[in-house]
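These protein sequence lines are chains A and B, in that order.
The numbers in numbering that gives the first Met the number 0 rise by one with no breaks, and the one at position 267 of the first sequence is 266.
The numbers in numbering that gives the first Met the number 0 rise by one with no breaks, and the one at position 300 of the second sequence is 299.
Glycine residues also receive a C-beta, built at the ideal position from the N, C-alpha and C atoms.
From a predicted model like this one, the values you see are computed outputs, not experimental measurements.
The block underneath contains the structure these notes are about, expressed in structure tokens.
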Amino acid sequence: MNAHVPHQTLVTPEKPRALASGQFKVTARDVDVYYGEKQAIKKLSIDIPDRAVSAFIGPSGCGKSTFLRCINRMNDTIPTCKVTGLIDVDKHDIYDPKIDVVQLRAKVGMVFQKPNPFPKSIFENVAYGPRIHGLAAGKTELDEIVEKSLRKAGLWEEVKDRLAQPGTGLSGGQQQRLCIARAIAVNPEVILMDEPCSALDPIATARIEELIDELRQNYCIVIVTHSMQQAARVSQLTAFFHLGTLVEYGDTDEMFTAPQEKRTQDYITGRFG
Amino acid sequence: MFLWTVLLIVLMSAIAYVAGRSRAAGLVVADGPRLHSLPSYHGLLVAAGAMLGGLALAILSALVLGTQSVVTPAAAVIGAAIAAVPLYSRSAADFRARNAFERVVLVVLVACSAVAVLTTIGIVFSVLFETMIFFRSVSPIEFLFGSHWSPTGTPASFGLIPLLVGTLLITVIAIAVAGPLGLLSAIYMAEYASPRLRNVLKPVLEILAGIPTVVLGFFAALTVAPLIRRTGEAIGLDVASESALAAGLVMGMMIVPLISSLSDDIINAVPQSLRDGSYAMGATKSETIKRVVLPAALPGIVSAFMLAISRAVGETMIVVMAAGLAANLSINPLDAVTTITVQIATLLVGDQEFDSPKTLSAFALGFVLFFFTLALNYIALRIVQKYREQYD
Ligand SMILES: Nc1ncnc2c1ncn2[C@@H]1O[C@H](COP(=O)(O)OP(=O)(O)OP(=O)(O)O)[C@@H](O)[C@H]1O
Ligand SMILES: [Mg+2]
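Below, the structure written as structure tokens:
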């Protein structure tokens, strides 16, 4: 590495014009992530606002998924992975030993690249979270939560007559919306999405993008994507990652029209990546 | 003669290979047509012909003239030559030796599986046949529903029920021991143990599977049974010196590795993405295992249990030593009972007339046993089919 210190646009609450609330939901300071000896994230700092969509873009292997998985501590499931630095959600250090990881993950939901519905019925897939967290007092309440979540995920009309059928029997796009419904059933505040559309056709992708846009009203959403168009369409903020560092983070429109860094410009215009 | 025959067939095949290969290689000329198949395929095809032809004629001669006949090795050579020469002379640039060899491979594979299947069918029919003869002297009703088993008594009685109940009792005890132990240790190994610990634990458990059942049997008879008897007496229970409990416990220990090893593989085959999905919802590890991993692994676990039950039902040695020979009709685990397999073994030990009902009853018992395991396998298969493809 050369001595070049990556320039970072730390977003200020006023900065992205798209933001209404001006609240930061997730903040990270000097985060390093190692897989064994190998460092995957270097000195990363970022402020992610509430009620907005932030897109993570960057070439393959630059650490987007790794950082995303730090935010709900899914990296805990990888024995070799070590995270240092500070990550706060709602001003609480989530790597504090006193924190309850289970509670954190209920608050910070995740949707994976490949749809991974459980081998259970559609209903049971969505009811899974509410059941384990005891969110529903009775059957009727559980029914309501399931319906509400499926409606929010835009899947209700398609599956309301076959809730008892296995979730794995749905099409890829429907499965992914089921996974989103499953994630929002536990009332998370942050939703992390790792390339949620990469296994989907353009129509299903458009459905999910619409959905993300609606969810933005109530949630803090972070989405990893390889599609510049998608980042431009759904996000208000964009973060560009390169070789484990955050190169640039700011208003999506500005980033795509006038990036401050040459590397960002090269990536966006397709000159490397 | 046998050795000679084998050696000659191998020799003929080797010669055929070299000859076929070099003839094909000789076909290559500059600017000429390309060989369809590589020379080695021509060689392999001729060699396969030699081997199959030699085997066929040698077996035929052995069947007609007896295995000791000097004609057999000669027949092998002649058969190999008859089969190989036409193949040898057929080789030409456009001869598709590669595809032809593929068919030879198919035929060999089909023949091998046919031998296995036909042998099984043969065994079943011979057992069925002897069972029919047995039913000439003892009525099937009496056999299937009789509650008294005493093949050497006067008059002899052949009631299956005590043996069936004894078999079931011991099997139930064994599964009650091995099921939870095996499954829970599999869960521990697959989900909780560090890779290093797992690499130690798994082989250790598999050593347990490798202990000969005779050894387990005398362990049951000399260590476990007296222990149970003493413990029982200490708390005022009446325990037979050979008890179903002792046999069942030790048999359970025998099948723990079977269940744990199979279940461990099955649990490992559940995709990590399902676990991730559950953890990301804020589920704990044990919730994830209970609600996602085990349901997804259920079909495999069920078939592991079915296999274990088949093993337990078919096990003889431990029961002979630890549970005894007394055909008591009892479901008390502290009594001495006997099983179908034990009775088969004792019926056929020693001098026999092969047409007495006593001896023939062993075949009837064998048939029941066979039917029992067949039914279990069928159930396992159905369960697996019903739940298969739940995850991909
Ligand atoms: N489980 C792991 N063990 C070891 N190294 C890993 C692991 N997961 C990721 N890495 C490494 O960390 C680096 C960052 O990986 P990461 O998955 O975060 O990239 P990414 O930006 O999401 O890439 P992509 O766009 O291809 O998904 C890569 O060099 C990768 O090889
Ligand atoms: Mg990734």
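Between residue 38 of chain B and the set B:50, B:182, B:51, B:24, the nearest pair of CA atoms involves B:24.
Per DSSP, residue 25 of chain B lies in no beta strand (DSSP E) segment; the continuous alpha helix (DSSP H) that holds it begins and ends at 1 to 25. Listed along the chain, the chain A residues whose CB falls inside 7 Å of the CB of residue 283 of chain B are 101. Straight-line measurement puts the Cα of residue 373 of chain B at about 28 Å from the Cα of residue 214 of chain B.
For the set B:232, B:227, B:261, the Cα lying nearest the Cα of residue 245 of chain B is the one of B:227. Annotation for residue 83 of chain A indicates a beta carbon at 8 Å or more from all heavy atoms of ligand 1.
A straight-line Cα-Cα distance of about 14 Å links residue 215 of chain A and residue 206 of chain A. CA-to-CA, the gap between residue 72 of chain B and residue 0 of chain B works out to about 7 Å. Residues of chain A whose Cβ lies closer than 9 Å to the Cβ of residue 275 of chain B are, in chain order, 73, 76, 109, 111, 115.
For residue 150 of chain A, the closest Cβ of chain B is not nearer than 9 Å. Per DSSP, the unbroken alpha helix (DSSP H) holding residue 151 of chain A starts and ends at 138 to 151.
193, 194: these are the residues of the stretch 180 to 196 of chain B whose beta carbon lies less than 9 Å from some beta carbon of chain A, given in chain order. If you draw a straight line from the Cα of residue 123 of chain B to the Cα of residue 79 of chain A, it comes to about 55 Å. Of the heavy atoms belonging to ligand 2, at least one sits nearer than 8 Å to the Cβ of residue 63 of chain A. For residue 222 of chain A, the pairing in a beta bridge is given by DSSP as A:54, A:192. Note on residue 260 of chain B: 16 or more other CB atoms within 10 angstroms of its CB, so buried under the neighbour-count rule. Three or more Cβ pairs closer than 8 Å define a contact, and the stretch 119 to 138 of chain A falls short of that threshold against the stretch 191 to 198 of chain A. For residue 264 of chain A, the enclosing alpha helix (DSSP H) has its first and last residue at 261 to 267. Residues of the same chain with a CB within less than 7 Å of the CB of residue 32 of chain B, apart from the 5 flanking positions on each side, are 92, 93 in chain order. Annotated as proximal: residue 19 of chain B and residue 43 of chain B, with beta-carbon spacing under 9 Å. Under the 8 Å Cβ criterion, the stretch 326 to 341 of chain B does not count as touching the stretch 188 to 195 of chain B, having fewer than three qualifying pairs. Residues of chain B with a Cβ closer than 7 Å to the Cβ of residue 201 of chain A do not exist; the shortest Cβ-Cβ separation is about 24 Å. For the set A:63, A:93, A:156, A:94, the Cα lying nearest the Cα of residue 111 of chain A is the one of A:63. Not a single heavy atom of ligand 2 lies less than 8 Å from the C-beta of residue 271 of chain B.
For residue 44 of chain A, no alpha helix (DSSP H) run applies; the uninterrupted beta strand (DSSP E) run containing it begins and ends at 37 to 48, by DSSP. When the five nearest sequence neighbours on each side are left out, the beta carbons in the same chain lying within less than 6 Å of the beta carbon of residue 210 of chain A are those of 153, in order along the chain. In the same chain as residue 175 of chain A, and ignoring 5 residues on each side of it, the C-beta atoms closer than 8 Å to its own belong to 110, 114, 195, 196, 198, 199, 203, 207, in chain order. For residue 241 of chain A, the secondary structure class from DSSP, reduced to helix, strand or coil, is strand. Taking the Cβ of residue 27 of chain A as the reference point, every heavy atom of ligand 1 lies at 8 Å or farther away. Listed by position along chain A, the residues whose Cβ is nearer than 9 Å to that of residue 377 of chain B form an empty set, because the closest Cβ is around 24 Å away. A distance criterion of 8 Å places the beta-carbon of residue 22 of chain A beyond contact range of ligand 2, judged by its closest non-hydrogen atom. In the structure shown, the three-state DSSP call for residue 202 of chain B is helix. Residues 126, 343 of the same chain have their beta carbon placed closer than 7 Å to that of residue 365 of chain B, with the five preceding and five following residues left out of the count. Around residue 279 of chain B, the beta-carbon contacts reaching into chain A at under 8 Å are 71, 73, 104, 108, 109, 111, 182. Contact of residue 132 of chain A with chain B by beta-carbon distance below 8 Å involves 281. About 7 Å separates the Cβ atoms of residue 221 of chain A and residue 55 of chain A, confirming a contact at the 8 Å cut-off.
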